[in-house]
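Undergrad: Okay, handing you the structure first.
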């Protein structure tokens, strides 16, 4: 398995149709929660004061991560930064 | 309780006495593991290829976080970046 | 209680309807002043020459701060940067 | 009177004589507290996890601010960023 | 009196109505020249090759500077950076 | 298998003992070539004019990559930037 | 022959006609694959989580590279960064 | 005479009328070539893979340079960076 | 004549011999004041809170500016940024 | 032939032995002038006010450029940035 730290910054254009916007945000939430339940997206935090999240993904590979992220309903409106994580020598788990 | 995302980048000077260095690194590890066991430092990951970690702290307050970080044996050799986290609306936990 | 330093940079699109704009700015002011009166937003300064402010928030938690900031009428037009503050050892208060 | 937002980042060289260091830090604290008592340095906060502070100065002029900052015992080891503040239209004070 | 170094970078949207644009630029020039004659805007230089200027303002306070800058006809299309100036120890004036 | 793009920028201190330096550089080369022969470091290019390389690693995991990079004889003198790669939809291989 | 490392970041405007978009993306893929078959574009990787690729080009000259890149159907929507590569002294090929 | 190094990055909006665009680009080319023939714009190179050029201007003064650059047909769509050049002590010309 | 905006940031190493330091600073001041009296360095301001100045030079050419700046006693300890100035269309002088 | 734009920023450590420094600078000059006479280094300009140059190299390949630059006597004290140049469509030469 491969662990990734992912930061997503969302920039939805101000002139996006409100119905499309609400729909996209709802689909994003459902999709995220399904991946959380499958254990592939074990952590998601809001960065206080920003339309941004910091997440941990636990997937087979960078290929799987890439497919998951490209399928995010908000993907066209996001800047995404991926960082590959390794086990830390001080980690007690 | 307050949740913080913390990135630490370590830059130990090349001319630090090797014994001091080994000692400091060992004390850093012991201190980190004690805080992990106390539940205050629930996550620590290595950024692949860098003498850096990304950690999650779960503490009473920014004051407690600040005391913990200033007490890190490697603190004088670290650049530390703290990000305040909030609960994300899509989080299922 | 938790203290945060918050910088807000406002970028209202030039083509926003002037009535919507005036309205939003008025609601922003009312909302800010209500939070100031409640003691949650104790300081707000203009950065000279910029449509930006530097503020201090005194709230329960990063969660409360995040809710307050997302509810700002100008939130969709702002870049916000949050910094967690701790007590300084030289502070005489 | 003139209000300034000042950020100070301290970088004391690792090889500074420990006695000189302790002395300089002590003089810094005394000097800061004297200016706080005189009302010229009304606020000082620690940035959580960093050897840095964010401060507010309330002085006669940029000339007075400059003299105060150059006289800081830690001045040779600091990066200082000054921002001129103006009254904010929403400020209720 | 207070001295400020101000850099203004102008970004007029390409689709601004040409008449509005010409008008705004003309009002900007008149306003700038009136402030120059009053001695509040003693210096203005073009940065070679850029729709930008570097200026010196000589005003009562950051509050007055802020009012002057917010009243610039081109203010909505400018990025402005203000630097507080102090007397230099080598200045012979 | 996992593919990573790695950039290494080397900054050997000017005052490093020349014998230590020559030794370290020689061990770096031998180590790199052994990993190339094992197929784990399939590509290495010099960035023209810089003491830097861009490399491709083909390893089991970010953990293995991290171990390999920390074991580089020049690791203490390098800034390393790792980028996780996925298969591109247009790749014909 | 000349070797170049090229990073392409794609930013297709949200309001581009979907048919034009699909068409352009399809032509981009065909064009890339033709160049891969000709050996001029030997490597293309996706940066995980980004609408970006890192590629290696093996061409006659910077002039040829420039012609190839300007002819990319997605060129108007790309930020492109070119790095000239030289043979690395440790390369065993 | 005064020598300047000028970098121009062109960003033509995607929705510019194609006829206006073609026209502007043609006038830019004619204007550049006239200045080259007059000896005021002795060098122009394409940055490989970018809609950008690096140029050398040989003019009377920064004032003349500024007039030339503001008169570029593509000026409204360009970011321009000017660097003042001096004779180098190793130059054999 | 040619007008330049010059910013100088001074970074004197902490371990410079105090006598050498005092000497260099004194020679810098004398040299600056001589150039001010000659009219070549008409303006010098301190950036409040920084060991930095912003200056205006009024010289024959970039060659003369370059010679003047390289001859600054503090030149080896300075970062210098030069900006070529042109007359501004709104300037009333 | 291949054309490259090269910027070199020189940072000689303040504590380098003055004789070694003078020697290295002299060898740098001789080496540069030999390459200028061979036509491989056709242009070199000083960036006004900086210990930096902007140069044009006209060589066989990035490999030859890389060898030339690594052989610069000042190479260990330089930051070098290489940009590959292509012929510009407006160039009349």
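Chains as they are written, first to last, in UniProt numbering: chain W, 1 to 93; chain R, 1 to 93; chain H, 1 to 93; chain X, 1 to 93; chain E, 1 to 93; chain G, 1 to 93; chain P, 1 to 93; chain B, 1 to 93; chain U, 1 to 93; chain C, 1 to 93. Idealized CB from N, CA, C, for every residue including glycine.
If you check the beta carbons only, do residue 44 of chain E and residue 88 of chain U fall under 8 Å apart?
TA: Counting from 1 along the fifth chain, the entry for residue 44 of chain E is found at position 44. Counting from 1 along the ninth chain, the entry for residue 88 of chain U is found at position 88. Yes. Within cutoff.
Undergrad: Applying a beta-carbon distance threshold of less than 9 Å, which residues of chain U neighbour residue 72 of chain B?
TA: Taking the first residue of the eighth chain as position 1, residue 72 of chain B is located at position 72. Result: empty, since nearest Cβ-Cβ is about 15 Å, beyond 9 Å.
Undergrad: Can you tell me whether DSSP reads residue 16 of chain E as helix, strand or coil?
TA: For the purposes of this step, residue 16 of chain E is taken as residue 16 along the fifth chain, with counting starting at 1. Of the three classes helix, strand and coil, the one that applies to residue 16 of chain E here is coil, per DSSP.
Undergrad: For residue 80 of chain R, count neighbouring C-beta atoms within 10 Å of its own C-beta (all shown protein chains included) and say buried if the count is 16 or more, exposed if not.
TA: The residue you call residue 80 of chain R lines up with position 80 of the second chain. With 16 or more other Cβ atoms within 10 Å, it is buried.
Undergrad: Could you check which residue in H:1, H:30, H:7 has the C-alpha nearest to that of residue 82 of chain H?
TA: Looking up residue 82 of chain H in the third chain gives position 82. Residue 82 of chain H has its Cα closest to that of H:7, out of H:1, H:30, H:7.
Undergrad: Would you give the residue range spanned by the alpha helix (DSSP H) that residue 63 of chain X belongs to?
TA: By 1-based counting over the fourth chain, the position of residue 63 of chain X is 63. Its alpha helix (DSSP H) spans residues 62-70.
Undergrad: Please determine, among C:92, C:62, C:73, C:49, the residue with the shortest C-alpha to C-alpha distance to residue 25 of chain C.
TA: For the purposes of this step, residue 25 of chain C is taken as the residue at position 25 of the tenth chain. It is C:73.
Undergrad: Listing by chain order, which chain E residues have their CB less than 7 Å from the CB of residue 61 of chain X?
TA: As a first step, residue 61 of chain X is located in the fourth chain; it is residue number 61 there, counting from the start. By Cβ distance, chain E contributes 2.
Undergrad: Taking only three categories from DSSP, how would you classify residue 93 of chain W?
TA: Start at 1 with the first residue of the first chain, and residue 93 of chain W comes out as number 93. Of the three classes helix, strand and coil, the one that applies to residue 93 of chain W here is coil, per DSSP.
Undergrad: Any beta carbon from chain R within less than 8 Å of residue 49 of chain X's own beta carbon?
TA: Here residue 49 of chain X corresponds to residue number 49 of the fourth chain, with the count starting at 1. Yes, its Cβ sits closer than 8 Å to a Cβ of chain R.
Undergrad: Could you say if the segment 17-35 of chain E and the segment 60-73 of chain H meet the contact criterion of at least three C-beta pairs nearer than 8 Å?
TA: The segment 17-35 of chain E is not in contact with the segment 60-73 of chain H.
Undergrad: Whose C-alpha, out of G:46, G:3, G:30, is nearest the C-alpha of residue 85 of chain P?
TA: Within the seventh chain, residue 85 of chain P is the residue found at index 85, counting from 1. Per the Cα distances, G:46.
Undergrad: Kindly indicate the opening and closing residues of the beta strand (DSSP E) around residue 43 of chain W.
TA: Residue mapping note: residue 43 of chain W aligns to position 43 of the first chain, counting from 1. Segment 43-47, the beta strand (DSSP E) holding residue 43 of chain W.
Undergrad: Any idea what DSSP makes of residue 40 of chain E, helix, strand or coil?
TA: In the fifth chain, the residue the question calls residue 40 of chain E occupies position 40. Correct three-state label for residue 40 of chain E: coil.
Undergrad: Please look up how many angstroms separate the CB atoms of residue 15 of chain W and residue 40 of chain W, rounded, as I've assumed it's under 8 Å.
TA: Numbered from 1 along the first chain, position 15 holds the residue referred to as residue 15 of chain W. Numbered from 1 along the first chain, position 40 holds the residue referred to as residue 40 of chain W. That belief does not hold up - the Cβ atoms of residue 15 of chain W and residue 40 of chain W are roughly 33 Å apart, past 8 Å.
Undergrad: Whose Cβ in chain H lies nearer than 8 Å to the Cβ of residue 87 of chain X?
TA: The count along the fourth chain starts at 1 and reaches residue 87 of chain X at position 87. By Cβ distance, chain H contributes 45, 46.
Undergrad: Report the three-state DSSP secondary structure of residue 35 of chain X (helix, strand or coil).
TA: Working through the fourth chain from its first residue, we reach residue 35 of chain X at position 35. Helix.
Undergrad: Please tell me whether residue 40 of chain H has its Cβ less than 8 Å away from any Cβ of chain X.
TA: As a first step, residue 40 of chain H must be located in the third chain, where it is residue number 40. No, its Cβ sits nowhere closer than 8 Å to a Cβ of chain X.
Undergrad: Out of P:5, P:2, P:4, P:55, which one is the CA nearest neighbour of residue 90 of chain G?
TA: By 1-based counting over the sixth chain, the position of residue 90 of chain G is 90. Selected option, being the one with the closest Cα: P:55.
Undergrad: Does any residue of chain B have a CB that is nearer than 8 Å to the CB of residue 82 of chain U?
TA: If you number the ninth chain from 1, residue 82 of chain U lands on position 82. Yes, its Cβ sits closer than 8 Å to a Cβ of chain B.
Undergrad: By alpha-carbon positions, which one of G:2, G:78, G:35, G:28 ends up nearest to residue 50 of chain G?
TA: The sequence position of residue 50 of chain G within the sixth chain is 50, counting from 1. The residue with the shortest Cα to Cα distance from residue 50 of chain G is G:78.
Undergrad: Which of helix, strand or coil does DSSP assign to residue 50 of chain G?
TA: In the sixth chain, counting from the first residue as 1, residue 50 of chain G sits at position 50. Here residue 50 of chain G sits in coil by DSSP.
Undergrad: Can you confirm whether residue 6 of chain R, when its beta carbon is compared against all beta carbons of chain X, has any partner nearer than 8 Å?
TA: Here residue 6 of chain R is taken as the residue at index 6 of the second chain, counted from 1. Yes, contact with chain X.
Undergrad: To which residues does DSSP link residue 4 of chain X through a beta bridge?
TA: Position 4 of the fourth chain holds residue 4 of chain X. Looking at the DSSP assignment, residue 4 of chain X forms a beta bridge with X:57, X:84.
Undergrad: With a threshold of 8 Å between beta carbons, is residue 26 of chain U in contact with chain X?
TA: For this step, residue 26 of chain U is matched to residue 26 along the ninth chain. No, its Cβ sits nowhere closer than 8 Å to a Cβ of chain X.
Undergrad: Any idea if residue 71 of chain U is buried or exposed, counting beta-carbon neighbours within 10 angstroms, 16 or more meaning buried?
TA: To locate residue 71 of chain U, count along the ninth chain from 1; it is residue 71. Label assigned to residue 71 of chain U: exposed.
Undergrad: Between residue 62 of chain U and residue 2 of chain B, which are expected to be in contact by the criterion C-beta below 8 Å, what is the C-beta distance as a whole number of angstroms?
TA: Taking the ninth chain and counting its residues from 1, the one referred to as residue 62 of chain U is at position 62. Taking the eighth chain and counting its residues from 1, the one referred to as residue 2 of chain B is at position 2. Going by Cβ atoms, the distance from residue 62 of chain U to residue 2 of chain B rounds to 6 Å, so yes, they are a contact pair.
Undergrad: To the nearest angstrom, how far is the alpha carbon of residue 4 of chain W from that of residue 60 of chain W?
TA: As a working note, residue 4 of chain W is residue 4 in the first chain. As a working note, residue 60 of chain W is residue 60 in the first chain. Each residue's Cα considered, the two are about 11 Å apart.
Undergrad: Can you check which of these residues, B:93, B:76, B:13, B:92, is closest to residue 52 of chain E by C-alpha distance?
TA: Position 52 of the fifth chain holds residue 52 of chain E. For residue 52 of chain E, the nearest C-alpha among the options comes from B:76.
Undergrad: For a contact meaning CB atoms closer than 7 Å, what does residue 19 of chain R contact in chain W?
TA: Within the second chain, residue 19 of chain R is the residue found at index 19, counting from 1. Simply none; closest approach about 19 Å.
Undergrad: Taking its Cβ as the centre, do 16 or more other Cβ atoms sit within 10 Å of residue 38 of chain W, making it buried, or is it exposed?
TA: Position 38 of the first chain, counting from 1, holds the residue named residue 38 of chain W. The residue is exposed, with fewer than 16 neighbouring Cβ atoms inside 10 Å.
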